[in-house]
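**Student:**
There are 4 protein chains.
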Amino acid sequence: MIKVGIVGATGYAGAELVRLLSRHPKAELTVLTSQSYAGKTMWEVFPHLYGVVDNTLEALNVPELVSRCDVVFTALPHGHAMPVGQEVMRRGKRLIDLGADFRLKDVDIYQSWYKTEHTASVLVASAVYGLPELYRLEIKDSVIVANPGCYPTSAILGLAPLLTDKLIDPETLIIDSKSGVSGAGRGLSLKTHFSETTNNFQAYGVATHRHTPEIEQELSLLAGMPVTINFTPHLTPMIRGILSTMYAKLTRNITTEELTERYKEFYQGERFVRVLPVGMLPQTKAVAGSNCCDIAVSVDPRTKRVIVISAIDNLIKGAAGQAVQNLNVILGLPEDTGLDFAGMYP
Amino acid sequence: MIKVGIVGATGYAGAELVRLLSRHPKAELTVLTSQSYAGKTMWEVFPHLYGVVDNTLEALNVPELVSRCDVVFTALPHGHAMPVGQEVMRRGKRLIDLGADFRLKDVDIYQSWYKTEHTASVLVASAVYGLPELYRLEIKDSVIVANPGCYPTSAILGLAPLLTDKLIDPETLIIDSKSGVSGAGRGLSLKTHFSETTNNFQAYGVATHRHTPEIEQELSLLAGMPVTINFTPHLTPMIRGILSTMYAKLTRNITTEELTERYKEFYQGERFVRVLPVGMLPQTKAVAGSNCCDIAVSVDPRTKRVIVISAIDNLIKGAAGQAVQNLNVILGLPEDTGLDFAGMYP
Amino acid sequence: MIKVGIVGATGYAGAELVRLLSRHPKAELTVLTSQSYAGKTMWEVFPHLYGVVDNTLEALNVPELVSRCDVVFTALPHGHAMPVGQEVMRRGKRLIDLGADFRLKDVDIYQSWYKTEHTASVLVASAVYGLPELYRLEIKDSVIVANPGCYPTSAILGLAPLLTDKLIDPETLIIDSKSGVSGAGRGLSLKTHFSETTNNFQAYGVATHRHTPEIEQELSLLAGMPVTINFTPHLTPMIRGILSTMYAKLTRNITTEELTERYKEFYQGERFVRVLPVGMLPQTKAVAGSNCCDIAVSVDPRTKRVIVISAIDNLIKGAAGQAVQNLNVILGLPEDTGLDFAGMYP
Amino acid sequence: MIKVGIVGATGYAGAELVRLLSRHPKAELTVLTSQSYAGKTMWEVFPHLYGVVDNTLEALNVPELVSRCDVVFTALPHGHAMPVGQEVMRRGKRLIDLGADFRLKDVDIYQSWYKTEHTASVLVASAVYGLPELYRLEIKDSVIVANPGCYPTSAILGLAPLLTDKLIDPETLIIDSKSGVSGAGRGLSLKTHFSETTNNFQAYGVATHRHTPEIEQELSLLAGMPVTINFTPHLTPMIRGILSTMYAKLTRNITTEELTERYKEFYQGERFVRVLPVGMLPQTKAVAGSNCCDIAVSVDPRTKRVIVISAIDNLIKGAAGQAVQNLNVILGLPEDTGLDFAGMYP
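Each protein sequence line maps, in turn, to chains V, G, U and W.
In terms of full-length UniProt numbering, the first sequence opens at residue 1 and continues consecutively.
In terms of full-length UniProt numbering, the second sequence opens at residue 1 and continues consecutively.
In terms of full-length UniProt numbering, the third sequence opens at residue 1 and continues consecutively.
In terms of full-length UniProt numbering, the fourth sequence opens at residue 1 and continues consecutively.
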């Protein structure tokens, strides 16, 4: 059994990781840390785990943590995974970071968007962007896996075939995303207060959201040229799910049917990307509780634009599930080990 | 007192009209019709109106209806307001149609998007598009007011200043709209079934929604040139509200602050359009239960695009409230007569 | 115009009071206080009031507040209305307290359930329990109106005819109540965090909720004997509304029809209590946004129990609307002044 | 592999059974029938199963169905499982019926509450009530398992220790239950229409719900005397979950702590009943997505009543999960085979 530690086990991504790994046949939950709840059992904080997970939450002690684990997951606000990364590197262990600290290759861009000094910039070069569908070979041998953000996962998977094949003008790209409230975490705020959020819909971070440079970095690599986008996230009155609606001008004539075929080809063999048949559209409920990303494309001949729609469960494919998928890549296991469940509906 | 009739009083838009007009100081609810519930009282169908509205629902008899009323409201599926329009015209009464039958000036476009023959095309020329902020003078003397669709109201009010001032390239316009489920009406379907819709978010009518030509007609008039758009509606797990996020390339440099000022100027004196101060963004809950349209603009200097966000209550400013506003215009009353209430929050 | 002050204007009950009074024809919003938001405008905190209410929020200065107002409303956590009550008494003004400080006649019971010393016990005797349907004569001349709690309003109105007529054995009374989340206020907590509360239902305060002695006090007065109850509140994933399901053994044979008639008689002439016809059951959505309490009774001949169900909007009839109704009683206005609106549906 | 057939695979209980059995290591989905969708694939109707379940839905042909399967599950409206039961009996196969046809031992009571003739009364005697915690030995050898109703599951598990130990006066029992909307099924109705149900709470079937005699039958067996109850179900604006709040007079003094211990003892070794520690209360979200029933007891010394609260996922422990548990009992497998997952939170 592989000994795993989860730093930040009582945030939503961390708790989801605990739930998934508690049923993973090769992983053993060895250390769970929590700043707020150290000393309590996991199930006192998350009653769905009563009788399922017995671990007591611990305060974070980085050296001790790393020494007790083979693989560490960090599910922390940005800035806090850097020291863990350094220790993991020192001891030859592995890190899967669900936060933003190792995603951006350009430390200046990180510092400019996150308003935080990067104190482990030397590690950035050895980190791999943890989107297995694009980078599984690199992930296998990496010390640090930078698990992608939730919005970027939905956007990059949705656009990769178009950019790879140069089917769109990247200059015209617009990404309009809608997220469930769990994406805002378990921290308390008026934005996540039931009575403020229920029956409410709003945009936030217009033209300033921190996932913008992450999306741009990956789209630029796919396009082979710098891509600058408009990305607008919206807060949606539901718990789980991200749906991204993406628009771009096509560079040549292609039908919805042809493009759907191209997507199926691009993602052939991928267990967790489902290109939907023409006539079916993604909906967040169809992926909630699963590690799948559903994608559909529509060509509008009136405007010569393509509209791509993708949907994921932000806590699974957008966070904890993808992290487990990365763990499986690292361990050389089938990628769906511990992830082979259908979503829950309705 | 003005005698009003409401045809289709037991749909959501019709019932909202009943509620609003029951408190209108100059209107008397004279005839309420319902295909499904004729013979029942209004409050048996809508228990919130118990003790508030005593009318018994009637089957529709067009000539009798028109003879008993001064102003008729139709809240019907498309195709069904045409005969009412003809009778109103014949008898010199007034019609405010909340449906789509008289919105499109070009009958061919109507027939092509609605797949329905237009049997009252001669009336179309004498109908006025009932957006008071743009057409109040024409509305005052019109026989038929074509009350705008819910999505078009949010889009046209949001974009009018930009197109009037030629600040954007209309070719680049994208309208991504999100609507509460009440917009789909009271008719039963899986799309509006609680367990399917709750905690779910999805697009529909991608590149094919019937509000597209209505939006294009009005934007073209504002721009003074043909405008073709991408419009994508989404079903949002909330009851009331539409939020539209709109994108276009700017034709010249302008800041968010300058553009906000321009919007305030454009809508000066408008009781029901609230241009929000810089730093505040529309949210559907801030307009729910009111006749207001909230608007904010953001300029993204990285992409030289403007992002306009507008929000309305789809059943009020997007339907029944706007219809009452049109009634007030027709009667020469202050436009907020019977509409002078704040939204309900939370 | 009567000058009114609202202390605690940025809680949900306070903000609802601001909204209602902003449209009251005889009241002028003179002072709005807020501990957290003093210095901001009301609409910066509650965007639905943008363009509706211009007041700037003030820090609380009790003597100054009372001197500037004719009537003061307090919407504060328990314990905080006592000093305001003393100042109001001193200056001969009027107080309507939406909190718990003056509801319980027995100060020992207050201190025991609220774990707080009562520092204004001398005022308790001159306070009137502000349920106009039972106490309107006393309210008219009172200095302090103790506006009832939300749960007690639904319970007492639902049970008053049964106890008055001695139709039930009070010993067997069980009150099972379900409240929307707005009843927990605008303060942040995990219990009111969107992702924890949505799609969740739970009891709280089992056998210990502080509204228990308030309900018992009023039921005992109605019954003419001490009444001890089981009261269980539940948190329901909706914003507004309380529904109480109440059970008791009947003391004599009576049919549902007869009992419904008796209720109609008991509440004859009451504008805000709607006894529903046999076959119709209360639902929170039918009263949301209105000041109504809907009630239905069902006799179960198998068990000889009566089941009473009542529903209110917790923020209106359960708080701010009832406070305005009390204001109207005090001022000798028709009780529905400023409250003559139908609920919002759907 | 055991060949299983699911009759009524496109209702919510049926679809949940498909999802669960698709991951069951010993079951093979051999026949899925659907009246409305025969000829379509399962995933066209339920998109979460795209790539997970490949079966095509079939029209029901009872003899053929039974001949192709080892075990048949029926998830049908009452009255429709009887012919399947007869055929299963004839051919020596096994039936697990998720409907009501074989739950009531007394056919007259069935006919009186369900207003339907029972055409297979001879089978009733050989059917076993499928609550494994009470009847696992009988289930193992039964031809027909009558899978309990959702409300009865929550009520019976919650009350079994009290009645077994004669700790309460059964005469005083009141069961106040709250269910998510998925319990009303996938059939369309205004009661399950999103805009009517969201933000709404209401009782239904007051004193007349068909689960009443089922609960009474089982409680009477436990009590060793006839038990007549008041049972009130409520429709709650959430998808999954039932929470029952139950009240009864205690027959002797006992503390919350002692009673909790007694419950733990009673349910010792039960994988799917979680008696919560004192201080923790059930909530539907803690069991959603799992096969668990959470229970807590509170003794109120003021009234000498016990309040028992239990929570289940109505589609899992209240339907499909319990059916799989029964399958495991029949097959002699560990009861959590295919059910060994934690609930999904948040």
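Every residue, glycine too, gets a C-beta built ideally from N, C-alpha and C.
Helix, strand or coil for S283/V? Go by DSSP, reduced to three states.
**Tutor:** The question names Ser, yet the displayed sequence has Gln at residue 283/V. Reduced to three states, the DSSP call for Q283/V is strand.
**Student:** Let me know the secondary structure DSSP gives T337/V once reduced to three states.
**Tutor:** Note: T337/V maps to coil in three-state DSSP.
**Student:** Take the Cβ of S126/G as the centre, count every other Cβ of all protein chains shown within 10 Å, and call the residue buried at 16 or more, exposed below.
**Tutor:** Burial call: exposed.
**Student:** Within 10 Å of its beta-carbon, does E196/U have 16 or more other beta-carbons around it, so buried, or fewer, so exposed?
**Tutor:** Classification of E196/U: buried, given that the 10 Å Cβ count is 16 or more.
**Student:** Under the three-state reduction of DSSP, which class applies to D141/G: helix, strand or coil?
**Tutor:** D141/G falls in the coil class under three-state DSSP.
**Student:** Spatial neighbours of K3/W within its chain, please: C-beta separation below 6 Å, excluding the five flanking residues on both sides.
**Tutor:** The residues are E28, T30, C69 and D70.
**Student:** Do S34/V and V52/V have their C-beta atoms within less than 9 Å of each other?
**Tutor:** No, the pair does not count as a contact, with Cβ atoms beyond the cut-off.
**Student:** For K264/V, which of helix, strand or coil comes out of DSSP?
**Tutor:** K264/V falls in the helix class under three-state DSSP.
**Student:** What is the C-beta distance between H78/W and A100/W, in whole angstroms, given that I count them as a contact (C-beta under 8 Å)?
**Tutor:** Contact holds; Cβ gap of about 4 Å.
**Student:** In its own chain, which residues sit with a C-beta less than 6 Å from the C-beta of T164/U, not counting the 5 before and 5 after it?
**Tutor:** L222.
**Student:** Just to make sure I have the definition right: I need the residues of chain V whose C-beta is within less than 9 Å of the C-beta of L17/U. Which are they?
**Tutor:** Going along chain V, no residue has its Cβ under 9 Å from L17/U, so there is no contact; the nearest lies around 16 Å.
**Student:** Does the beta-carbon distance from A323/W to L32/W come in below 9 Å?
**Tutor:** Cβ atoms of A323/W and L32/W: not closer than 9 Å.
**Student:** Classify T74/W as buried or exposed, calling it buried when 16 or more other Cβ atoms lie within 10 Å of its own Cβ.
**Tutor:** Counting Cβ neighbours within 10 Å, T74/W comes out buried, since at least 16 surround it.
**Student:** Between the alpha carbons of F201/W and T198/V, how many angstroms are there, rounded?
**Tutor:** Looking at the two C-alpha atoms, the distance is approximately 15 Å.
**Student:** Applying a beta-carbon distance threshold of less than 9 Å, which residues of chain V neighbour F201/U?
**Tutor:** Those do not exist, as F201/U stays about 13 Å from chain V at its closest Cβ, beyond 9 Å.
**Student:** In whole angstroms, give me the CA-to-CA distance for R240/W and P282/W.
**Tutor:** Each residue's Cα considered, the two are about 14 Å apart.
**Student:** Would you mind reading off the limits of the alpha helix (DSSP H) that contains R19/U?
**Tutor:** Its alpha helix (DSSP H) spans residues Y12 to L21.
**Student:** When the Cα atoms are used, what is the spatial distance from F272/W to A160/W?
**Tutor:** If I take the Cα positions, the gap works out to 15 Å.
**Student:** What residues in the stretch 271-286 of chain W have a beta carbon less than 9 Å from any beta carbon of chain U?
**Tutor:** Against chain U - using a Cβ distance shorter than 9 Å - the residues of the stretch 271-286 of chain W are L281, P282, Q283, T284, K285 and A286.
**Student:** Between which two residues does the alpha helix (DSSP H) containing M82/U stretch?
**Tutor:** First-last of the alpha helix (DSSP H) with M82/U: M82 to R91.
**Student:** Please list the partners that E257/V has in chain G, where partner means a Cβ-to-Cβ separation under 9 Å.
**Tutor:** Going along chain G, no residue has its Cβ under 9 Å from E257/V, so there is no contact; the nearest lies around 14 Å.
**Student:** Just to make sure I have the definition right: I need the residues of chain G whose C-beta is within less than 8 Å of the C-beta of M344/U. Which are they?
**Tutor:** R19, H48, G289 and M344, listed in chain order.
**Student:** Tell me where the beta strand (DSSP E) around H78/U begins and ends.
**Tutor:** Where H78/U is concerned, there is no enclosing beta strand (DSSP E), given that its DSSP letter is neither H nor E.
**Student:** Could you check what DSSP says for M42/G in three-state terms: helix, strand or coil?
**Tutor:** Correct three-state label for M42/G: helix.
**Student:** Is the beta carbon of R210/U less than 9 Å from the beta carbon of Y50/G?
**Tutor:** Contact: no.
**Student:** By alpha-carbon positions, which one of S220/V, S298/V and H24/V ends up nearest to V206/G?
**Tutor:** Looking at the Cα atoms, S298/V is the closest of the given residues.
**Student:** Just to check my reading of the structure: I312/V and I242/V have Cβ atoms closer than 8 Å, yes? What is that Cβ distance to the nearest angstrom?
**Tutor:** With 8 Å as the limit, I312/V and I242/V qualify as a contact, their Cβ atoms being about 5 Å apart.
**Student:** Just list the residues that DSSP pairs V297/G with in beta bridges.
**Tutor:** Note: V297/G sits in a beta bridge opposite V308/G.
**Student:** Strictly below 9 Å CB to CB, what residues from chain W border I307/U?
**Tutor:** In chain order: A203, V206, A207, N230 and T232.
**Student:** With 9 Å set as the bound, which would you pick, yes or no: does the beta-carbon of I239/W sit closer than that to a beta-carbon of chain G?
**Tutor:** So yes, I239/W belongs to the interface.
**Student:** Tell me which residue opens and which closes the alpha helix (DSSP H) that E28/W is part of.
**Tutor:** Here E28/W belongs to no alpha helix (DSSP H); instead the beta strand (DSSP E) covers A27 to T33.
**Student:** Starting from H234/W and walking both ways along the beta strand (DSSP E), at which residues does that stretch end?
**Tutor:** From DSSP, the beta strand (DSSP E) with H234/W extends over N230 to L235.
**Student:** Going by other Cβ atoms of all chains shown within 10 Å of its Cβ, with 16 needed for buried, is E335/V buried or exposed?
**Tutor:** Buried: at least 16 other Cβ atoms inside 10 Å.
**Student:** DSSP state of K249/G, grouped into three classes?
**Tutor:** Correct three-state label for K249/G: strand.
**Student:** Quick one: what does DSSP say S177/W is sitting in, helix, strand or coil?
**Tutor:** If DSSP states are grouped into helix, strand and coil, S177/W belongs with the strands.
**Student:** Near S36/V, which residues of its chain fall below 6 Å by C-beta distance, leaving aside the five closest residues on each side in sequence?
**Tutor:** Same-chain partners within the cutoff: there are none.
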